[in-house]
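A.B. asks: Take this structure, written in structure tokens, and hold onto it; I'll ask about it next.
Numbering (my numbering), first residue to last: 41 to 316.
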């Protein structure tokens, strides 16, 4: 996780764009080279195939590099993967916040919840589906503010630990968006995917939140998922409650009640006060 400094985030964002441009130029060069080869008369096709195979080998290994060369280059490839992953996370932060804002607007326009929304949503419908009926405009605004607060701490160097369950869910969406960003630009491979996974593992203290995605049962109190460490029915009303006194949750989003009502909606106390 130490590799993901604010500087590496911004350098990585630039690198994502640079790699994409370089790949475009490489494709154009290969196209021009192919036209030149077709125009040349009397060229032996077998020789052309051998040249092509040699070029493929050079691209994979590099001139004069065998197994030993690949091993020597491994640290460099790992550093590049971290840089690309960091840049993808910064880029994904922008996309995630923009699209969460669109989701807020959609729910506000329809005055509905995610469960009953008739329009396409970017991210809110990717939250645990069993609670989709409680994801209203108010919840969406609080979730958006939480996403802004978390990504700000990532990029300005002030991040220490995740503050609440909602931040754990934001991070899940952020990492998924970063994967999609790398894939979009043709930069997602084993190394960059591993770099993102290592980042997430370094930030998450546990994965208890994943039980929220389990299939719902008729009675949540009978759900075995609630029996996990630190997981009880009362957490349903505390998605925006700090894990402890040292954790940060944005004042707009934070649950004000010290003891959440068991089985209450994720929107918590604000559902009854109009968000004031």
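Idealized CB from N, CA, C, for every residue including glycine. Because the structure is a prediction, the values reported are computed rather than measured.
If you check the beta carbons only, do residue 142 and residue 164 fall under 7 Å apart?
C.D. replies: On the chain shown, position 102 is the one that residue 142 refers to. On the chain shown, position 124 is the one that residue 164 refers to. No.
A.B. asks: In the DSSP assignment, the alpha helix (DSSP H) including residue 217 goes from what residue to what residue?
C.D. replies: Within the chain shown, residue 217 is the residue found at index 177, counting from 1. Unbroken alpha helix (DSSP H) run through residue 217: 205 to 224.
A.B. asks: State the Cα-Cα distance for the pair residue 130 and residue 243, rounded to the nearest angstrom.
C.D. replies: Numbered from its first residue, the chain shown carries residue 130 at position 90. Numbered from its first residue, the chain shown carries residue 243 at position 203. Computed Cα separation, rounded: 16 Å.
A.B. asks: Go ahead and pull the three-state DSSP assignment for residue 241.
C.D. replies: As a position in the chain shown, residue 241 is number 201, starting the count at 1. In this structure, residue 241 counts as helix in the three-state DSSP scheme.
A.B. asks: For residue 162 and residue 286, what's the separation of their Cα atoms in angstroms?
C.D. replies: Numbered from 1 along the chain shown, position 122 holds the residue referred to as residue 162. Numbered from 1 along the chain shown, position 246 holds the residue referred to as residue 286. The alpha-carbon atoms of residue 162 and residue 286 are separated by roughly 32 Å.
A.B. asks: Within 10 Å of its beta-carbon, does residue 296 have 16 or more other beta-carbons around it, so buried, or fewer, so exposed?
C.D. replies: Counting from 1 along the chain shown, the entry for residue 296 is found at position 256. So residue 296 ends up on the exposed side.
A.B. asks: Report the option in 250, 233, 252 and 240 whose CA atom is closest to the CA atom of residue 118.
C.D. replies: For the purposes of this step, residue 118 is taken as the residue at position 78 of the chain shown. Taking only the C-alpha atoms, the option nearest residue 118 is 233.
A.B. asks: Is the beta carbon of residue 294 sitting closer than 7 Å to the one on residue 280?
C.D. replies: The count along the chain shown starts at 1 and reaches residue 294 at position 254. The count along the chain shown starts at 1 and reaches residue 280 at position 240. Against a cut-off of 7 Å, the Cβ pair of residue 280 and residue 294 comes out as a contact.
A.B. asks: Buried or exposed, going by whether 16 or more other CB atoms sit within 10 Å of the CB of residue 99?
C.D. replies: On the chain shown, residue 99 is found 59 positions in, with the first residue counted as 1. Because the pLDDT of residue 99 is 43, which lies under 50, any placement of that residue in the model is unreliable, and the number read from its coordinates should be weighed accordingly. Flag for residue 99 reads exposed.
A.B. asks: Among the candidates 245, 116, 159 and 217, whose CA atom is the shortest distance from the CA of residue 127?
C.D. replies: As a first step, residue 127 must be located in the chain shown, where it is residue number 87. Per the Cα distances, 217.
A.B. asks: DSSP on residue 296, reduced to helix/strand/coil?
C.D. replies: Counting from one through the chain shown, the residue named residue 296 turns up at place 256. The answer is coil: DSSP assigns residue 296 none of H, G, I, E or B.
A.B. asks: Hey, how far is the Cα of residue 251 from the Cα of residue 214?
C.D. replies: Taking the chain shown and counting its residues from 1, the one referred to as residue 251 is at position 211. Taking the chain shown and counting its residues from 1, the one referred to as residue 214 is at position 174. Distance between the alpha carbons of residue 251 and residue 214 is about 19 Å.
A.B. asks: Going by other Cβ atoms of all chains shown within 10 Å of its Cβ, with 16 needed for buried, is residue 133 buried or exposed?
C.D. replies: For the purposes of this step, residue 133 is taken as the residue at position 93 of the chain shown. That one is buried.
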